[in-house]
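Notes to accompany the following structure.
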Amino acid sequence: MKKKSRFLRYSVQDKTFLIAGYTLLGLFVAAIIVPMLYIIVASFMDPVVLQNKGITFDFSKWTLTAYQRVLSNHQIWIGFKNAVVYSLVFTVLSVAVTVLAAYPMSRTDFKGRKFFNVIFVITMFFGGGLIPTYLLISNLGLLNSMWAVILPGIFNVWNMIVARTYFRSIPGELREAAVVDGANDVLFFFKVLLPVCTPVLAVLAIWQFVGMWNSYFDAMIYLDDAAKQPLQLVLRSILIQNQPESGMISDMQSTAQRAQLAELLKYATIIISSLPLLVMYPFFQKYFDGGIMVGSIKG
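The sequence shown: position 67 = 1187 (our numbering), numbered continuously.
What follows is the structure, encoded as structure tokens:
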């Protein structure tokens, strides 16, 4: 006698709930995948065919023109290099500052813990605003430098709370054993605690890297030199202002041809700018689920 499937053993209400849930999940996934597939295919299309006929899977109508023009543009590579440097430096410094603040806040014997906790939480709801921040950056002499982009957002209170909660989930016996072996707080933090906190460190790192990689507003406000601008500002000029670099379309004679190629360059630029995140995420995925769940729920 064959066993009934698990789904058949559910009640009518459970079946209805599961079907509705999977349907909504499928629609949500489709809403993400369909635009991505459209952008990928459109980036390979001949601009004339794309404008007149739309998407086609006739490979004879595909071309690498957009990628050739984007990758041959000097400003794209400068922006890409700056974005990588800014994101890596910001991630390292931000994670370091976050865990150094989270560790004492996770200790119940830390005097003043409640006071500092209130101060941190207040900053989550109230800020100085753009003008005071700009004046501060200007008075510190950081305008038109990479530090104007990196330093203002280097400490994130929410990330500190996640790390603090994760530290609290570490058994207290681990610290007691380290103290018995003669380790002080500094030695325990760097030699014992951090090695067992790899999941939350990976989560914080990918959050901060993605946040900086996608950020453009601070760079737009504080950076004037094109040689220091990240890739996101180049993307903004192409995607929002519809102003690709002149070298990408300078050989086009008619206005219509320039408009068609500019539209194609948008798709290719999106793909190129997204590749680092798509390549990086699989290496962090094994840490991501455990780190975000433990750090956010326990405590």
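Backbone N, C-alpha and C fix where the C-beta goes; we use that ideal spot for every residue, glycine too.
{"Asked": "Short Cβ contact (7 Å threshold) for A1203 with L1351", "Found": "yes"}
{"Asked": "M1244, buried or exposed, once every other Cβ within 10 Å from all chains shown has been counted against 16", "Found": "exposed"}
{"Asked": "For V1212 and L1469, believed in contact at Cβ under 8 Å, the rounded distance", "Found": "This structure gives no information on residue 1469, because the portion of the chain shown stretches from 1121 to 1419."}
{"Asked": "Extent of the continuous alpha helix (DSSP H) to which G1199 belongs", "Found": "H1194 to S1226"}
{"Asked": "Cβ neighbour criterion (16 or more within 10 Å) applied to P1319", "Found": "buried"}
{"Asked": "CB contact flag (T1389, V1169, <7 Å)", "Found": "no"}
{"Asked": "Assigned exposure category for Y1336 - 16 Cβ within 10 Å defines buried", "Found": "buried"}
{"Asked": "Backbone CA spacing between F1287 and V1312 [nearest angstrom]", "Found": "12 Å"}
{"Asked": "V1323: first and last residue of the uninterrupted alpha helix (DSSP H) it sits in", "Found": "T1318 to N1334"}
{"Asked": "Residues bridged to K1165 (per DSSP)", "Found": "Note that residue 1165 corresponds to Met in the displayed sequence, not to Lys. Answer is W1182."}
{"Asked": "Cβ separation of A1283 and V1219, assumed to be a contact under 8 Å, to the nearest whole Å", "Found": "5 Å"}
{"Asked": "Sub-7 Å separation of N1264 and D1338 beta-carbons", "Found": "no"}
{"Asked": "Through-space distance from I1341 to R1126, alpha-carbon basis", "Found": "57 Å"}
{"Asked": "DSSP state of D1421 mapped onto helix, strand, coil", "Found": "An answer regarding residue 1421 cannot be provided, because it is not within the stretch 1121 to 1419 covered by the chain."}
{"Asked": "Closest by C-alpha distance to Q1188, when choosing among S1226, F1164, L1397 and L1147", "Found": "F1164"}
{"Asked": "Terminal residues of the alpha helix (DSSP H) in which K1234 lies", "Found": "R1233 to F1245"}
{"Asked": "Distance CB(M1400)-CB(F1210) smaller than 7 Å", "Found": "no"}
{"Asked": "Boundaries (first-last residue) of the alpha helix (DSSP H) holding N1259", "Found": "L1250 to N1259"}
{"Asked": "Residues near R1129 by beta carbon distance below 6 Å, same chain, minus five either side", "Found": "none"}
{"Asked": "Any non-hydrogen atom of the ligand ATP within 6 Å of V1161 CB", "Found": "Ligands are entirely absent from the displayed structure, and the ligand ATP is therefore not among its contents."}
{"Asked": "Continuous alpha helix (DSSP H) stretch holding F1177: start and end", "Found": "Looking at the DSSP string, F1177 is not in any alpha helix (DSSP H), and its letter there is neither H nor E."}
{"Asked": "Three-state secondary structure (DSSP) of Y1130", "Found": "coil"}
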